[in-house]
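Undergrad: One structure, pasted below without further comment.
Numbering (the working numbering), first residue to last: 39 to 322.
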C-alpha cells in the first residue's frame, strides 16, 4: 500500500481548503501558515488556546517517546494495525487521522504496517495534537505523515475528508469527528481496561478503583454505532527504574497520586505490570 501526502487541510480561521505553495499552506482568503523546518504545520490559532503551551509538556513527551521506543507497548501498536487493516478493503484508498497523536509512535508504526501490505490503494496519514512539543517530536519520525498542531475540538481538516479516525487514550469529540468523516466513516477508540497497570495503581492509590472504558452514549447521540470490540491483555517484562519513571510521567497517575503514593512509586526499582486495553470500532 502506498503512503501519499495528505492534502485535505482546512484553514483553522474560516474552514476553507488550504493549498500548498512551497513552504506555506494558503487559504483563498489570504491566511497563510508556514511549514516549520521540521516539516509540521501549526494550525492552532491563538483564540483556540486555553494556555500559552496547551497539551502535554516537553518533559512528558520526551518520557513517552522513550518508553514507547523501548517496545513495551508494541503489542498495542500491532493490534491497532490489525484493526485498521481489517476495516480497509483490498483496493481501498484511505485518509486516516490520529486525533491526539502525541509524539507519533502509533501512527508511525501504522504507516510501516500499511506500507508492507501487498495491496493496491493509497493511505494519507495525518497526526494532530494540541501540544507543539508533541508535534515537533512526531515530525522527526516521518516526512510521509502530515503532522499538525491543532485542536480536536475544531480539527483543521476539510468536511467529510476522512475514512478513519484513531483516538488512543484520548478524549473523543464525536460531533467534531463526525464533521470530518465521510459517510460510513469509522472511529477506532483505544482505551485502558479495568486491569490496566493495576500493579502500579495498587502502590499509588490507597483505594483502588477498577474503571471500565468510557460509555458510548455521546457517540450514539452523534450517530455512531459500535461494530467491533476487542480486548488485549498481557504482562510486561520487568520494568526498570527509568521505565517506571517514564511510565508515571506519561500517565495521569503521577499527578493524581498522594504524596505518599508518589514517593512509593518513585522508590520502585523493578515491577511487572498488566497491560489491559480495549479496542472499539464505531461507524457512522
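All C-beta atoms in this analysis are idealised placements derived from N, C-alpha and C, irrespective of residue type, glycine included.
1. Once DSSP output is grouped into helix, strand and coil, what is the label at residue 105?
2. Between residue 242 and residue 135, is the Cβ-Cβ spacing less than 9 Å?
3. Can we say the stretch 171 to 180 touches the stretch 78 to 89, given the rule of at least three CB pairs closer than 8 Å?
4. Sorted by chain position, which residues of the same chain lie with C-beta nearer than 6 Å to residue 270's C-beta, five sequence neighbours on each side aside?
5. So, residue 140 versus residue 169, is the Cβ gap smaller than 9 Å?
6. Between which two residues does the beta strand (DSSP E) carrying residue 148 extend?
7. Keeping to the same chain, check which residues put their C-beta closer than 8 Å to that of residue 213; ignore five residues upstream and five downstream.
8. If we call anything under 9 Å between Cβ atoms a contact, is residue 35 one with residue 159?
9. Tell me the DSSP secondary structure of residue 264 in three-state form.
10. Closest to residue 110 by CA distance: which of 319, 321, 320 and 309 is it?
11. Taking the C-alpha atoms as reference points, what is the distance between residue 293 and residue 142?
12. Please confirm whether residue 307 and residue 191 have their CB atoms less than 9 Å apart.
13. At a cut of 8 Å, does the stretch 180 to 195 reach the stretch 225 to 240 through at least three beta carbon pairs?
14. Please list the segments of the alpha helix (DSSP H) lying wholly inside the stretch 198 to 254, counting only runs of 4 or more residues, in order along the chain.
15. For a minimum of 4 consecutive residues, which ranges assigned as the alpha helix (DSSP H) are wholly contained in the stretch 292 to 316?
16. Using only CA atoms, which one of 62, 60 and 68 lies nearest to residue 54?
17. So, helix, strand or coil for residue 70, using DSSP?
18. Find out if the Cβ-Cβ distance for the pair residue 148, residue 163 is shorter than 9 Å.
19. Helix, strand or coil for residue 56, going by three-state DSSP, please let me know.
20. What does DSSP give as the partner residues of residue 40 in its beta bridges?
21. Take residue 146 and list the residues in its own chain whose beta-carbon comes closer than 6 Å to its own, dropping the five residues that flank it on each side.
TA: Per the coordinate set shown:
1. Walking along the chain shown from the start, residue 105 turns up at place 67. If DSSP states are grouped into helix, strand and coil, residue 105 belongs with the helices.
2. Counting from 1 along the chain shown, the entry for residue 242 is found at position 204. Counting from 1 along the chain shown, the entry for residue 135 is found at position 97. No. Outside cutoff.
3. yes
4. Within the chain shown, numbered from 1, the residue matching residue 270 stands at position 232. Once the five neighbours on either side are set aside, the close Cβ partners of residue 270 are 117 and 315.
5. Locating residue 140 in the chain shown gives position 102, where the first residue counts as 1. Locating residue 169 in the chain shown gives position 131, where the first residue counts as 1. Taking 9 Å as the Cβ cut-off, residue 140 and residue 169 qualify as a contacting pair.
6. Numbered from its first residue, the chain shown carries residue 148 at position 110. Per DSSP, residue 148 lies in no beta strand (DSSP E) segment; the continuous alpha helix (DSSP H) that holds it begins and ends at 143 to 153.
7. Taking the first residue of the chain shown as position 1, residue 213 is located at position 175. Hits under 8 Å: 260.
8. This structure leaves residue 35 out entirely; the chain is present only between 39 and 322.
9. On the chain shown, position 226 is the one that residue 264 refers to. In the structure shown, residue 264 sits in a strand (DSSP, three-state: E or B).
10. Working through the chain shown from its first residue, we reach residue 110 at position 72. Selected option, being the one with the closest Cα: 309.
11. In the chain shown, counting from the first residue as 1, residue 293 sits at position 255. In the chain shown, counting from the first residue as 1, residue 142 sits at position 104. Distance between the alpha carbons of residue 293 and residue 142 is about 23 Å.
12. As a first step, residue 307 must be located in the chain shown, where it is residue number 269. As a first step, residue 191 must be located in the chain shown, where it is residue number 153. Going by C-beta atoms, residue 307 is not nearer than 9 Å to residue 191.
13. They do not touch, by the three-pair rule.
14. 212 to 218 and 236 to 242
15. For the stretch 292 to 316, whole alpha helix (DSSP H) runs of length 4 or above, ordered along the chain, are 297 to 304.
16. One-based indexing of the chain shown puts residue 54 at position 16. Ranking 62, 60 and 68 by Cα distance to residue 54 puts 68 first.
17. The residue labelled residue 70 in the question sits at position 32 within the chain shown. Reduced to three states, the DSSP call for residue 70 is strand.
18. Within the chain shown, the letter at position 110 stands for residue 148. Within the chain shown, the letter at position 125 stands for residue 163. Yes, the pair counts as a contact, with Cβ atoms nearer than the cut-off.
19. As a working note, residue 56 is residue 18 in the chain shown. Three-state DSSP puts residue 56 in coil, outside helix and strand.
20. Along the chain shown, one-based indexing puts residue 40 at 2. 160.
21. Residue mapping note: residue 146 aligns to position 108 of the chain shown, counting from 1. Closer than 6 Å at the Cβ level, and outside the excluded window around residue 146, lie 179 and 180.
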